[in-house]
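Accompanying notes for the structure given below.
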Amino acid sequence: MKTLTSTLLKAGALLAAALAATPAMAWDICWTNCDFTRTKYPIVLEHGLAGFNELGGVLPYWNGIPENLRSTGAEVYVTQVSPFNSSVVRGESLIAQLDDIRAIKGNNSLKFNLIGHSQGGLDIRYVAAVRPDLVASLTTVGSPHKGSDLITFDVNGQLVPTPATNAFSNFVSMVWSSLGGSPDPISITAVLKNFSPAGIAAFNASFPAGMPTTSCGQGQAVTQTSAGPIRNYSWSGDAPFTNVYDPSDPAMVALSLFYDEPNDGLVERCASHFGTVIRDNYRMNHLDEVNNLFGLTSVLEVDPRTLYRNHANRLKLAGL
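Counted the way mature numbering (1 follows the signal peptide of the UniProt record, and there is no 0) counts, the sequence shown spans residues -26 to -1, 1 to 294.
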């Protein structure tokens, strides 16, 4: 009996260790509430600046999030647009992909719950403005809705080099070489103009739905359109450094020093506000918001996958 008990204890310890070492697998097994994330409309995840589906075949942008949502009933699509271009160009690419999904499913009236991280949040705002028939809800995560005053162009429309823009150009070169190119067109100038004070002001003037009317307030919870109501949500983090083992955290800290307000390393809290603000101070940096790098996020904060699960359930309960 003693030997049997010892064997069972060892087996239990090995199982616990295996589950601890593979959190994504453990999370993706559904034991109860297997329709917790089963929304009426499919969920579509739109990546941000420099985004990708999977980097080097090992690092997914939405790390473990689609699988986790699907495990409890959600229908999830992950889109791929140009990693470096304006939100108008990226938004048009997203529209084409949504129309393709409609065609494949044979449902020309299908709507989607669009979730955009970082620049992806601006992309989905564009889609909602020009093709509201495609949209049931918008959710922006760590999105820079107020752009950046670190980017300036002179009266002749030429970029004024600064430490921030030089760092960005170097970042683009590094990421572009890592991605190995892309079938989508890229334009660094278009990105910088998109997020410059003048560029973002023009974008927000053209597509104001859901934007706060005060500096750090909330926007419209529901936008009324010709194709029906669209619900608006947002959330973000404000902690550049969250995990001592995450090699990307020092970079997030360095980037955060360019800003005067609390931020996630790239986007200030108030700049992330859109629609109903679920929270703007999660202990997460810009990469943690999509469970990167490799899920090395703060042990003192909710698992990022849980945020998406809970939000999918929020959408479900709202009839979306």
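We put the beta carbon where it would ideally sit given N, CA and C, even for glycine.
Spatial distance of residue i from residue j (CA atoms)
| i | j | result |
| --- | --- | --- |
| C190 | E235 | 12 Å |
| F232 | G25 | 22 Å |
| A228 | D107 | 41 Å |
| T53 | L274 | 31 Å |
| L84 | P171 | 36 Å |
| A164 | L261 | 23 Å |
| A213 | N237 | 7 Å |
| P186 | R253 | 15 Å |
| V63 | N217 | 35 Å |
| F86 | Y219 | 36 Å |
| L43 | R288 | 13 Å |
| P203 | V55 | 26 Å |
| N259 | R279 | 14 Å |
| G65 | A103 | 10 Å |
| L270 | S200 | 43 Å |
| M226 | F215 | 7 Å |
| N284 | D158 | 33 Å |
| G80 | R105 | 18 Å |
| R257 | P182 | 29 Å |
| D73 | N82 | 8 Å |
| H119 | L33 | 27 Å |
| S230 | R243 | 12 Å |
| I162 | Y35 | 21 Å |
| A(-14) | Q194 | With a pLDDT of 38 at A(-14), under the threshold of 50, the modelled position of that residue is not reliable, and no figure is offered here. |
| N266 | T188 | 32 Å |
Beta-carbon proximity of residue i to residue j, cut-off 7 Å
| i | j | result |
| --- | --- | --- |
| E41 | I98 | no |
| Y100 | S67 | no |
| I89 | T113 | yes |
| G121 | I174 | yes |
| K268 | I160 | First, the residue type needs correcting, since residue 268 is Phe and not Lys in the sequence shown. Against a cut-off of 7 Å, the Cβ pair of I160 and F268 comes out as no contact. |
| T6 | A48 | no |
| Q198 | V251 | no |
| Y15 | L281 | no |
| G22 | Q71 | no |
| V109 | H91 | no |
Buried versus exposed, by CB contacts within 10 Å (16 or more), residue i
| i | result |
| --- | --- |
| A(-6) | Reliability fails at A(-6), whose pLDDT of 34 lies under 50, so the model's placement of it is uncertain and no value is given. |
| R205 | buried |
| A176 | exposed |
| P224 | exposed |
| C8 | exposed |
| F169 | buried |
| L166 | buried |
| A179 | exposed |
| N255 | exposed |
| L(-19) | Below a pLDDT of 50, predicted positions are generally treated as unreliable, and L(-19), at 37, falls in that range; no measurement from the model is reported. |
Bridge partners - residue i, DSSP secondary structure assignment
| i | result |
| --- | --- |
| I17 | V50, N87 |
| Y256 | G211 |
| R205 | S111, V196 |
| N237 | E242 |
| T250 | Y207 |
| P171 | In the DSSP output, where bridge partners are listed per residue, P171 has none listed. |
Inter-residue CB distance, residue i and residue j (contact presumed, cutoff 8 Å)
| i | j | result |
| --- | --- | --- |
| T46 | K290 | Not a contact, Cβ separation roughly 10 Å. |
| S246 | S222 | So it is not a contact: roughly 19 Å between Cβ atoms. |
| Y51 | I75 | 6 Å |
| G249 | G184 | 4 Å |
| V276 | S117 | At roughly 20 Å, the Cβ-Cβ gap does not stay under 8 Å, so V276 and S117 are not in contact. |
| N37 | V196 | In fact, because the Cβ distance is near 31 Å, the residues do not count as touching under 8 Å. |
| A286 | I39 | At roughly 10 Å, the Cβ-Cβ gap does not stay under 8 Å, so A286 and I39 are not in contact. |
| S272 | Y207 | That pair is no contact at about 22 Å. |
7 Å Cβ cutoff, residue i in contact with chain B
| i | result |
| --- | --- |
| L23 | Any reference to chain B falls outside this structure, which holds one protein chain only. |
Heavy atom of the ligand FAD within 6 Å of residue i beta-carbon
| i | result |
| --- | --- |
| A228 | Of the ligands one can find in the structure shown there are none, so the ligand FAD has no counterpart to examine. |
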